Structures are given as structure tokens and as C-alpha cells.
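Residue numbers (the numbering used here): 348 to 835. Quick notes on the structure that follows.
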């Protein structure tokens, strides 16, 4: 695919400080998102003792709100008139404060269920549920605004596939670092608990969680703010000022852009593959922490289970970077980005299927080896997927701009203007679909893990291994995908 116009004087790229600064924005967003989304379910179900269906409804509200806000914000950003401060950058300053406040307040519920009801099982308690839902909604609205800004601006500031691969590599490394930090703190907390299997808010373990999680959120908020502000100043949108006659469309005409990616059949295949693989990550929210306690530690006394969380932290740190390094080598040797993407998906399907061997009871050493080989491989390879999917997604936006110019040759716009018109719509639709599938997944898994099922080893094993099903769907659509990319 010819992904650029040879008549343009030069193609923009980001390097050095600007590349690092831009990537720090994603790092900050992922750091806070992973902290709230990886532990809030466990916080509300196992410590607050709110019914898992009500908690999963909150997650569903979060996903549905993010779905619709991302697609709306995508169109609004595309139609924003460029100014000296930029076209998309100003929205960072709008979304950042409200998103951060809601991410912190989610761990500070003003109402909790009565101990007399919560001591025996999770309960339906509406004040806590409504608080959780509202905070999720606010966090989703302004979090999606930040995500769509950083996603949709990349095809404009990085216009070559080589540079996009470089940006994807830097972002993948920082995303792994964000996951390690944000997931490590809750797991360190779990390892310090007196009894990790009984963490109701009235117990000593529960009291520690209730005090520490809001503090961690506030502490995280400081570097997150710094990282996103560094990204704000690193993004250079001055090229918009050199583009004459920006035509601001009516809201009705702007929303017609939503149908352009929907009608792009090849993009829909690529998007479905990406959405399926991304949605698999929602499985971890429901499974990984109880999996460690009730599957890996099912034959251990409660006071020894905490050691498994320390093991998980060490494994997570090492395995993510090891697999990222391996997939970078494979990417260089394979040369074809799309083929490497497919290979990555196939390997994750295979590794996820190995998790079913946990249905056979085994001693702890064999269990830990299997955990590293199966779940460790899934985890590490999953974080490497963006090495391939991210630059290819940018190429699809370029392809859409080329097609738009061909079909609308009567319009006096150039390639830059076409990308600016379409980038938000394409990324918005991707986030919309990811969030909707995430909402559906959260609802289904919330029902499955209701009550005692949240501690049932068989349910937890099947639930964790079901990540492979999402990747099977992804592989099917990648096989149907017919676009050829220029590997240069």
C-alpha cells in the first residue's frame, strides 16, 4: 500500500524528547487506568462485599459510557478548528483533572454495606453501588477523551511506518512498565495481608486495604499528572497553522464521518481482530487475583498464600520484558508486520489452552512452572501485541485518507487534511467497539463469578483460559483481512 503522497515536501516523524514525551502521556493514562480497573472489582467484591453483579454493572456502565463518549469525542476532535495551542491538545487540559479526581474517589465510597449482612456473603447495597456507578461514568467520559486525543493525533505527527514502529516499541515498553507498577502495588498489598482469603472491611486485612488503596491512588495521581503534562508540551501541532482554509463543518455533517470507517470493510475486519484481543484483558479483572489465592494456593494455609503474590509480581516484571524482547527479535526477522501479528495471536491461543491443565491437581512447584509457561506466556505476548497492531492501525487511517482523496477528487483538500478529518472517527470507532465488547464481557463474567463461584477453582481456571477464545476470533478476522502494507 502506498501510504504517503510523494508530492508532499517531507513526512513528519517524532524522535528523541518529543517521542518520549508523547509516549509518557500514554504511560500516565495506562498507569492510572490499570490501577483502578485491575483492582476495583476485587476491592468492591472481596473487601466492601458488594454483590458481584452490581460491581459488574458498574464496569459495564464504564465501558458503555466510554464507548459512546469516545466515538462522539472522535468526531468533535476532527471538527475542532486548529489554534495556536493546537487542534487536539487543548482537550488534554479539559479531561485530565476530572478524570484523576474520579479515579481517586472510586476507592473512597462514603457508604458501605452493614457488617451484619456482609459478613456471610456479598450483598446488594444501593448507596455503594450508585457511588461506584457514578464514579465509573465520570472516569469513563474524561478517560475516553484523553485516550482519543493521544490515539488520533499519532497518524498526524508520525507519518512513516518506520517511525510508527519505533513509537509502538517505546509505547509498548512504557505500557509494560505502567502495568508492572500499577499491578505490583495491589499485589504487594495482598502479600502484606494477615489473611488474603478473608479481606472483608471489618477484618484487619480489610482495614489495611481500605486505608492503603485511596492513598496509593492519590500518590499515583502526582506522577500521572506530570507525565500527561509533559506529553501535552511534547506534541507539536503547529503544522495545522500552515494548512489554509480549514472548513469547520456542521455537527450533522461531522457525524456523517462515523459511517466512513463502518463502510470500510477491510478496516472492520482489522478492527474486529484488534477489539477481540483487547477485550480479552477484561477477563483478568475477574480472575487473576482470586486465581492466585484459590487455584495456585488452594492447598496452602492462608498465611502462606501471600508469598504467591510476591512470586506473581516478580514473574510479571520479568516475563513481560522477556517476551517483549523476544517478539521484537521475531518482528525484525519476520519483516512482515501483519504475519508477525498473526503469529503472536496463534501463540497466545496455544499458551492460554495450557491453563486448562490446572484442572488436574498438582503440587505447588509444578503449578508454578505451569503458571509461568501458560499464563506468563499469555501475559508477556499480550503486552507485545501493540508492537504490530498500533503501527498497522495508523497505516489503516492513512489508507482511508488515500481512499477519501480518490473518491472526493473534487474537494480541494490534501492528504494532511484528509487524515485530520478521519483520524478521530477511525480511532473513536475502535474504542467504541472495544468498550462495548468489554461491557458485554464484564456483564457475562460478573454473572459467572457471582457468589461462591468467585472462589471456585474450576470456574476460575476455565475463566482465565477463556482468554484464548477472544484470540481465536481475532485470528479468524486477521485471516480474512486482505490489505497489503508497504513494509518500509
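Each residue gets a CB set at the ideal place from its N, CA and C atoms; glycine is no exception. Please read these numbers as outputs of a predicted model, since none were measured by experiment.
My output table needs one value for residue i: the three-state DSSP class, helix, strand or coil.
{"i": "residue 358", "result": "coil"}
{"i": "residue 436", "result": "coil"}
{"i": "residue 645", "result": "coil"}
{"i": "residue 709", "result": "coil"}
{"i": "residue 551", "result": "helix"}
{"i": "residue 830", "result": "coil"}
{"i": "residue 379", "result": "helix"}
{"i": "residue 815", "result": "helix"}
{"i": "residue 505", "result": "coil"}
{"i": "residue 458", "result": "coil"}
{"i": "residue 651", "result": "helix"}
{"i": "residue 389", "result": "helix"}
{"i": "residue 683", "result": "coil"}
{"i": "residue 796", "result": "coil"}
{"i": "residue 565", "result": "helix"}
{"i": "residue 627", "result": "coil"}
{"i": "residue 690", "result": "helix"}
{"i": "residue 656", "result": "helix"}
{"i": "residue 544", "result": "coil"}
{"i": "residue 485", "result": "helix"}
{"i": "residue 350", "result": "Any reading at residue 350 must be qualified, since the residue scores a pLDDT of 42, below 50, and its modelled position is unreliable; no value is offered."}
{"i": "residue 749", "result": "helix"}
{"i": "residue 716", "result": "helix"}
{"i": "residue 741", "result": "helix"}
{"i": "residue 673", "result": "helix"}
{"i": "residue 584", "result": "coil"}
{"i": "residue 858", "result": "No statement about residue 858 is possible, as the shown extent of the chain runs from 348 to 835 and does not include it."}
{"i": "residue 822", "result": "helix"}
Can you pull the DSSP bridge partners for residue i?
{"i": "residue 397", "result": "470"}
{"i": "residue 430", "result": "433"}
Would residue i pass as a contact of residue j if the rule is Cβ separation under 8 angstroms?
{"i": "residue 558", "j": "residue 552", "result": "no"}
{"i": "residue 818", "j": "residue 695", "result": "yes"}
{"i": "residue 400", "j": "residue 793", "result": "yes"}
{"i": "residue 850", "j": "residue 664", "result": "In the structure displayed, the chain extends from 348 to 835; residue 850 sits before or after that span and is not available."}
{"i": "residue 476", "j": "residue 378", "result": "no"}
{"i": "residue 489", "j": "residue 442", "result": "yes"}
{"i": "residue 418", "j": "residue 779", "result": "yes"}
{"i": "residue 405", "j": "residue 480", "result": "yes"}
{"i": "residue 564", "j": "residue 382", "result": "yes"}
{"i": "residue 701", "j": "residue 726", "result": "no"}
{"i": "residue 608", "j": "residue 445", "result": "no"}
{"i": "residue 732", "j": "residue 683", "result": "no"}
{"i": "residue 626", "j": "residue 785", "result": "yes"}
{"i": "residue 789", "j": "residue 410", "result": "yes"}
{"i": "residue 643", "j": "residue 718", "result": "yes"}
Around the Cβ of residue i, are there at least 16 other Cβ atoms within 10 angstroms (buried) or fewer (exposed)?
{"i": "residue 478", "result": "buried"}
{"i": "residue 748", "result": "buried"}
{"i": "residue 621", "result": "buried"}
{"i": "residue 407", "result": "buried"}
{"i": "residue 543", "result": "buried"}
{"i": "residue 847", "result": "Residue 847 is absent from the structure shown; the chain starts at 348 and stops at 835."}
{"i": "residue 354", "result": "Note that residue 354 has pLDDT 46, beneath the 50 cutoff, so the model's placement of it is unreliable and the number below is only indicative. Per the 10 Å Cβ criterion, exposed."}
{"i": "residue 486", "result": "buried"}
{"i": "residue 328", "result": "For residue 328 there is no data in the structure shown, the boundaries of the chain being 348 and 835."}
{"i": "residue 457", "result": "exposed"}
{"i": "residue 473", "result": "exposed"}
{"i": "residue 467", "result": "exposed"}
{"i": "residue 430", "result": "exposed"}
{"i": "residue 672", "result": "exposed"}
{"i": "residue 573", "result": "exposed"}
{"i": "residue 534", "result": "buried"}
Validate contact between the stretch 406-414 and the stretch 575-592 using beta carbons, cut 8 angstroms, 3 pairs: no
Touching by the beta-carbon criterion (3+ pairs, under 8 angstroms), the stretch 365-374 and the stretch 503-520: yes
Inter-stretch contact at 8 angstroms, needing at least 3 Cβ pairs: the stretch 700-715 / the stretch 763-774: no
The stretch 728-743 in contact with the stretch 501-512 per 3-pair CB rule at 8 angstroms: yes
Inter-stretch contact at 8 angstroms, needing at least 3 Cβ pairs: the stretch 418-432 / the stretch 769-778: yes
Meets three-Cβ-pair contact criterion under 8 angstroms: the stretch 441-452 and the stretch 796-811: no
The stretch 803-823 touching the stretch 433-447, judged by at least three CB pairs closer than 8 angstroms: no
The stretch 812-832 touching the stretch 650-663, judged by at least three CB pairs closer than 8 angstroms: no
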